[in-house]
Amino acid sequence: MAKKKATDSEPRKTRGAFANLVRCTVLLLDIILVAALIVTAYAGNISPLQHGGYWGILPLGFPILLTASVLILALHLLWLRAGAVIQAIGLLVCAGPALAVCPLHILDPEVPAGAETFTLMSYNAHQFVPPHRNTVIDTLHNGALEYIHATDADIVCLQEASSVSAIMPGRLTPSQVRSLHKRYPHILSNGDELVVLSKYPLESVHLDSNSTFKGGSASCCRVTLPSGRRFTLFNIHLQSMMLSEEDKESYLELTKGETNELGPTARILRKVSNAAVQRVRETQQLLRYIRLYGGPDVIITGDFNDVPGCYAIRTLADTGFKSAYPEVGFGPMATFNDSRLYFCLDHTLFRGALRPVSMKRGSLRASDHFPITTRFYLLPPNTPVE
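Residue numbers for the sequence shown, in the working numbering: 7 to 392.
#1: Taking the alpha-carbon of M247 as reference, which of L239, C226 and I274 has the nearest alpha-carbon?
#2: Could you give the uninterrupted runs of the beta strand (DSSP E) lying entirely in the region 72-127, keeping only those of 3 residues or more?
#3: A224 lies in the alpha helix (DSSP H); which residues open and close that run?
#4: Just the Cα atoms here: how many angstroms apart are G59 and C316?
#5: Would you grab the beta carbon distance between H243 and D309 for me? Rounded to a whole angstrom, and I think it's under 8 Å.
#6: What do you get for V278, buried or exposed, if any count of 16 or more other CB atoms within 10 angstroms of its CB means buried?
#7: Between which residues of its own chain and M365 is the CB-CB distance below 6 Å, once the five residues before and five after are set aside?
#8: Assign T341 to one of three DSSP states: helix, strand, or coil.
#9: Could you please give me the residues that DSSP links to D309 through a beta bridge?
#10: When the Cα of A150 is compared with those of P386, L370 and Y383, which residue comes out closest?
#11: Locate the alpha helix (DSSP H) running through L55, then write down its first and last residues.
#12: With DSSP run on the structure shown, which of helix, strand or coil describes C30?
#13: So V107 packs on L72, CB below 8 Å; how close in whole Å?
#14: Output needed for F342: all residues of its chain with C-beta closer than 7 Å, excluding positions within five of it in sequence on either side, in chain order.
#15: Helix or strand or just coil, what does DSSP make of V135?
#16: Just the C-alpha distance for Q165 and N241, rounded to the nearest angstrom, thanks.
#17: DSSP state of P207, grouped into three classes?
#18: Could you tell me the alpha carbon to alpha carbon distance between G368 and Q133, rounded to whole angstroms?
#19: Relative to the C-alpha of I38, which residue among I193, L322, I95 and A323 is closest?
#20: With three or more beta-carbon pairs closer than 8 Å as the criterion, would you say the region 316-326 touches the region 203-213?
#21: Classify L164 as helix, strand or coil using the three-state DSSP reduction.
#22: For A281 and L249, what's the separation of their Cα atoms in angstroms?
#23: Determine whether the beta carbon atoms of D158 and L126 lie at a separation below 9 Å.
#24: Please identify the residue among P270, R235, G22 and Q245 whose C-alpha is closest to the C-alpha of E252.
#25: Starting from H155 and walking both ways along the beta strand (DSSP E), at which residues does that stretch end?
#26: Does E288 pass the burial test, meaning 16 or more other C-beta atoms within 10 Å, or should it be called exposed?
#27: Could you give the first and the last residue of the continuous alpha helix (DSSP H) run that contains Y317?
#28: How long is the line joining the alpha carbons of A167 and L110, rounded to whole angstroms?
#29: Measure the C-alpha to C-alpha separation of G197 and A121 and round it to an integer number of angstroms.
#30: How about R228 and L208: are their beta carbons less than 9 Å apart?
#31: So the beta strand (DSSP E) R367 belongs to, where does it begin and stop?
#32: Tell me where the alpha helix (DSSP H) around Y331 begins and ends.
#33: What does DSSP give as the partner residue(s) for I378 in the beta ladder?
#34: Determine, using beta carbons only, whether G301 and G358 come nearer to each other than 9 Å.
#35: Suppose contacts are defined by Cβ-Cβ distances below 9 Å. Is F68 in contact with A47 by that definition?
Take a look at the structure:
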């Protein structure tokens, strides 16, 4: 009888040992995930120019790992409490970067009585031609142009918009360009695809020619509001990820599970890495422009071609800039909509007496980017600025 009891205990011991092995393995994977989460959350503090371009790639993975960590935490609360503790610690350590990616502001802040407000749109218009395959171009009813008119923002910063100032067949008709000029009497173009449309007077600030901006561009102007108060506006388009149509097709095949070839993946990573290094150089030049021409009240907006927490945004934060969406937004926001690259690449930053009230992303798919519109107000004169 005693021998039979010993025999019965063997399967229980085996099952117990296997369960412990599974728990230990899962906890080890939890630790690895949390470590990766922390690295991607703070990788933007490390310069890709000094330490290698792959540091510029890591922030792209943070939203993915953040989503995975939240889902695993929810599962662990039902199954493995120790794993839930590990995930919770990771999320607490990454709370700041997480709220930059997914802010939780339900209500817009109140605007002080009598404060001056204005709206600012940023939009990579892709030359007003939809980039998506098999899209029929209707030159008589241009979606991007109609959206700009319907939104009626006070200031519109456009990237990839040469066709506003130079008539290009198949893009905008002369009458459509005239309609923009009628709505926005103050228009500045830097001759390099950046255009600012404004209802308010603009004073162009000449930026010295510098070869640093090889794949990107920057323009600067001073905006005079109806009250007479002014701020400096930088419209920027930083280096793209340099992906060709072939690269995008390879990426689509990879995300669909249709290929596992390493060649295209390595090529894509190399290009994105090189682009990250170039954006550091452009950020350094932008900082120089800000020191020379910025002044106390400044807005930087445009296509950063990089995500929240990237090196450019963190570096600008060190000089007093804040990103508008984490201040007033709710939930994650993707501003790129092509080739399954669903990243938030367009940003609006501010400093000085400027404060955001709201920031909305449009749903228009007339470009590979969505437009973003931010409403600002100015603090009353002589108000101490933090």
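Positions of the beta carbon are idealized from the N, C-alpha and C atoms, including for glycine.
Because the structure is a prediction, the values reported are computed rather than measured.
Taking the geometry as given:
#1: Sequence index remark: in the sequence shown, residue 247 carries index 241 (1-based). With distances taken between Cα atoms, M247 lies closest to I274.
#2: Runs of the beta strand (DSSP E) inside the region 72-127: none found.
#3: Within the sequence shown, the letter at position 218 stands for residue 224. Following the DSSP letters along the chain, one finds A224 in no alpha helix (DSSP H) but inside the beta strand (DSSP E) bounded by residues S223 to T230.
#4: In the sequence shown, counting from the first residue as 1, residue 59 sits at position 53. In the sequence shown, counting from the first residue as 1, residue 316 sits at position 310. Using only the alpha carbons, I get a separation of about 12 Å.
#5: Along the sequence shown, read from residue 1 onward, the residue named residue 243 stands at position 237. Along the sequence shown, read from residue 1 onward, the residue named residue 309 stands at position 303. Contact annotation, H243 with D309: C-beta distance approximately 5 Å; criterion of less than 8 Å satisfied.
#6: Locating residue 278 in the sequence shown gives position 272, where the first residue counts as 1. By the neighbour-count rule (16 or more Cβ atoms within 10 Å), V278 is buried.
#7: Locating residue 365 in the sequence shown gives position 359, counting from the first residue. Cβ within range, chain order: A330, Y331, V334, G335 and T380.
#8: As a working mapping, residue 341 is identified with position 335 in the sequence shown. It is coil, neither helix nor strand.
#9: In the sequence shown, residue 309 corresponds to position 303, counting from 1. D309 is bridged to H243 and D352.
#10: As a working mapping, residue 150 is identified with position 144 in the sequence shown. Ranking P386, L370 and Y383 by Cα distance to A150 puts L370 first.
#11: Taking the sequence shown and counting its residues from 1, one reaches residue 55 at position 49. Its alpha helix (DSSP H) spans residues P54 to H57.
#12: Translated into positions along the sequence shown, residue 30 becomes position 24. C30: helix per DSSP, three-state reduction.
#13: Taking the sequence shown and counting its residues from 1, the one referred to as residue 107 is at position 101. Taking the sequence shown and counting its residues from 1, the one referred to as residue 72 is at position 66. About 6 Å separates the CB atoms of V107 and L72; that is less than 8 Å, so the two are in contact.
#14: As a first step, residue 342 is located in the sequence shown; it is residue number 336 there, counting from the start. So the qualifying residues of the chain are Y348, F349, L351, D374 and H375.
#15: Along the sequence shown, one-based indexing puts residue 135 at 129. In the structure shown, V135 falls within a coil segment according to DSSP collapsed to helix, strand and coil.
#16: Along the sequence shown, one-based indexing puts residue 165 at 159. Along the sequence shown, one-based indexing puts residue 241 at 235. Looking at the backbone, the Cα of Q165 and that of N241 are separated by about 8 Å.
#17: For the purposes of this step, residue 207 is identified with residue 201 of the sequence shown, where counting begins at 1. Reduced to three states, the DSSP call for P207 is coil.
#18: Counted from its first residue, the sequence shown places residue 368 at position 362. Counted from its first residue, the sequence shown places residue 133 at position 127. In this structure, the alpha-carbon of G368 lies about 18 Å from that of Q133.
#19: Locating residue 38 in the sequence shown gives position 32, counting from the first residue. Minimum Cα distance to I38 is reached at I95.
#20: Put simply, the region 316-326 does not touch the region 203-213. Fewer than three CB pairs are less than 8 Å apart.
#21: Along the sequence shown, one-based indexing puts residue 164 at 158. If DSSP states are grouped into helix, strand and coil, L164 belongs with the strands.
#22: By 1-based counting over the sequence shown, the position of residue 281 is 275. By 1-based counting over the sequence shown, the position of residue 249 is 243. Distance between the alpha carbons of A281 and L249: 10 Å.
#23: Residue mapping note: residue 158 aligns to position 152 of the sequence shown, counting from 1. Residue mapping note: residue 126 aligns to position 120 of the sequence shown, counting from 1. Cβ distance not < 9 Å, so D158 and L126 don't count as in contact.
#24: As a position in the sequence shown, residue 252 is number 246, starting the count at 1. Residue P270 holds the alpha-carbon nearest to the alpha-carbon of E252 among P270, R235, G22 and Q245.
#25: As a position in the sequence shown, residue 155 is number 149, starting the count at 1. Unbroken run through H155 is the alpha helix (DSSP H), G149 to T157; no beta strand (DSSP E).
#26: On the sequence shown, position 282 is the one that residue 288 refers to. E288 comes out buried.
#27: Here residue 317 refers to the residue found at position 311 of the sequence shown. For Y317, the enclosing alpha helix (DSSP H) starts and ends at Y317 to A323.
#28: Indexing the sequence shown from 1 puts residue 167 at position 161. Indexing the sequence shown from 1 puts residue 110 at position 104. Approximately 33 Å, taken between the alpha carbons.
#29: On the sequence shown, residue 197 is found 191 positions in, with the first residue counted as 1. On the sequence shown, residue 121 is found 115 positions in, with the first residue counted as 1. Put simply, the backbone Cα of G197 is about 35 Å away from that of A121.
#30: Position 222 of the sequence shown, counted from the first residue, corresponds to residue 228. Position 202 of the sequence shown, counted from the first residue, corresponds to residue 208. A contact, by the Cβ cut-off of 9 Å.
#31: Position 361 of the sequence shown holds residue 367. Here the beta strand (DSSP E) through R367 covers L360 to R367.
#32: Residue mapping note: residue 331 aligns to position 325 of the sequence shown, counting from 1. Note, Y331: alpha helix (DSSP H), A330 to V334.
#33: The residue given as residue 378 occupies position 372 in the sequence shown. The secondary-structure analysis by DSSP pairs I378 across a beta bridge with S128 and R367.
#34: The residue given as residue 301 occupies position 295 in the sequence shown. The residue given as residue 358 occupies position 352 in the sequence shown. Yes; because the gap between Cβ atoms is below 9 Å, this pair is in contact.
#35: Along the sequence shown, one-based indexing puts residue 68 at 62. Along the sequence shown, one-based indexing puts residue 47 at 41. The beta carbons of F68 and A47 sit closer together than 9 Å.
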